[in-house]
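J.: This structure is in C-alpha cells; I'll ask about it shortly.
In my numbering, the protein residues as written are 479 to 704.
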C-alpha cells in the first residue's frame, strides 16, 4: 500500500485482505514526505503484519519492517539504526579509513568530494537520509529546509568538467578555467565559484577539527554555511 495516501491505504489493504486474502503488507513510498502513520491502522484493521517497507523505486530499496523504527519515524525522532545499516552496506571500511586519513593529512581534493557525493547519493535521497537523524527531521520542517537533488547533480557535473589536476589542486582554477568548467557542465561561473568557496570553507573546517584534536585552536571552530 502507498504510505502517501494516508488512511486511504487502510481501505485498500482491507479490500485486498477481504477479497484476495493476504498474509502481510508492504508499505511503499516511505522515501517521500509520509512518515508511515498508516502502518498502525493497516495492522489494526487487517490483522496482518507489515513485512516490508519501500524507500525507493528499485528492488534494492525494499527493506524489512521494524516496528520500533517505524514508531521513531512517526514521532519525528529519526531512524539512526536504518541509517547506519545503509551506510555500512554502501561504504566499505577500507574506503572510510582512506577518507579519514586524507582528511587528517589535509589531502582531501575535489575528486574525493565527488566520490563521497556519489556514495551518499547511492545510499538514497539526501532528504531521506537527513530525516533519519534524530532531531534533525523536526528542525528541518520548522525551518523549511530541504535538499535540492538537482543542485547535487549540478555539483557533480561541475567537478566532472574539471581535469584531474584541477580536482586535486583547485588553486589552478583561474577565471578562464572557471568559464570552461561552467560551459562544460552546463552551469554558470557563479555556480562554479559557489562550489569552490564551499569546498575551501569545508577544508578550513577539517583543518580546525584536526588542530582541535591536537589540543590547538580550542573553541575557535566556525561551521561553514552557519
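All residues carry an ideal CB built from backbone N, CA and C; glycine is no exception.
#1: May I ask which residues mark the beginning and end of the beta strand (DSSP E) holding residue 642?
#2: Can you tell me where the alpha helix (DSSP H) holding residue 627 begins and where it ends?
#3: Tell me the rounded alpha-carbon separation between residue 593 and residue 507.
#4: Can you name, in chain order, every residue of its own chain whose Cβ lies under 7 Å from the Cβ of residue 595, other than the five neighbours on each side?
#5: Which stretch, first to last residue, makes up the alpha helix (DSSP H) that contains residue 597?
#6: Excluding the five sequence neighbours on either side, which residues of its own chain have a C-beta within less than 6 Å of the C-beta of residue 645, listed in chain order?
#7: Report, in whole angstroms, the separation of the C-beta atoms of residue 651 and residue 591, which I expect to be a contact under 8 Å.
#8: Whose C-beta lies closer than 8 Å to the C-beta of residue 598 among residues of the same chain, with five residues either side of it excluded?
#9: Grouping DSSP H, G and I as helix and E and B as strand, with all else coil, what is residue 573?
#10: Spatial neighbours of residue 657 within its chain, please: CB distance less than 8 Å, with the 5 preceding and 5 following residues excluded, ordered by chain position.
#11: Can you tell me the Cα-Cα spacing of residue 539 and residue 575, whole angstroms?
#12: Should residue 545 be labelled buried (16 or more other beta-carbon atoms within 10 Å of its own) or exposed?
#13: Pull up the distance between the alpha-carbon of residue 460 and that of residue 649, whole angstroms please.
#14: At a threshold of 6 Å, does residue 637 count as lining the ligand HEM (C-beta to nearest heavy atom)?
#15: Just the Cα atoms here: how many angstroms apart are residue 572 and residue 579?
#16: Please report how far the alpha carbon of residue 523 lies from the alpha carbon of residue 492, in whole angstroms.
#17: What's the call for residue 504, buried or exposed, on a 16-neighbour Cβ count within 10 Å?
T.: Let me lay it out:
#1: In the DSSP assignment, residue 642 falls outside any beta strand (DSSP E) and lies within the alpha helix (DSSP H) extending over 642-646.
#2: First-last of the alpha helix (DSSP H) with residue 627: 627-638.
#3: Their Cα atoms are separated by approximately 27 Å.
#4: Same-chain partners within the cutoff: 630, 633, 634.
#5: Residue 597 -> alpha helix (DSSP H) spans 588-601.
#6: Hits under 6 Å: 587, 588, 589.
#7: About 14 Å; that fails the 8 Å criterion.
#8: Excluding sequence positions up to five before and after residue 598, its CB lies within less than 8 Å of the CB of 604, 607, all in the same chain and listed in chain order.
#9: Looking at residue 573 - three-state DSSP - the assignment turns out to be helix.
#10: Its chain contains 667 as the residues whose beta carbon lies nearer than 8 Å to that of residue 657, once the 5 sequence neighbours on both sides are disregarded; these appear in chain order.
#11: So the two alpha carbons sit approximately 26 Å from each other.
#12: By the neighbour-count rule (16 or more Cβ atoms within 10 Å), residue 545 is not buried but exposed.
#13: Beyond the ends of the chain as shown, which are 479 and 704, falls residue 460; an answer cannot be given.
#14: The model on display carries no ligand, and the ligand HEM is accordingly not part of it.
#15: Cα to Cα, the separation comes out at about 11 Å.
#16: When rounded, the distance between both Cα atoms is 7 Å.
#17: Classification for residue 504: exposed.
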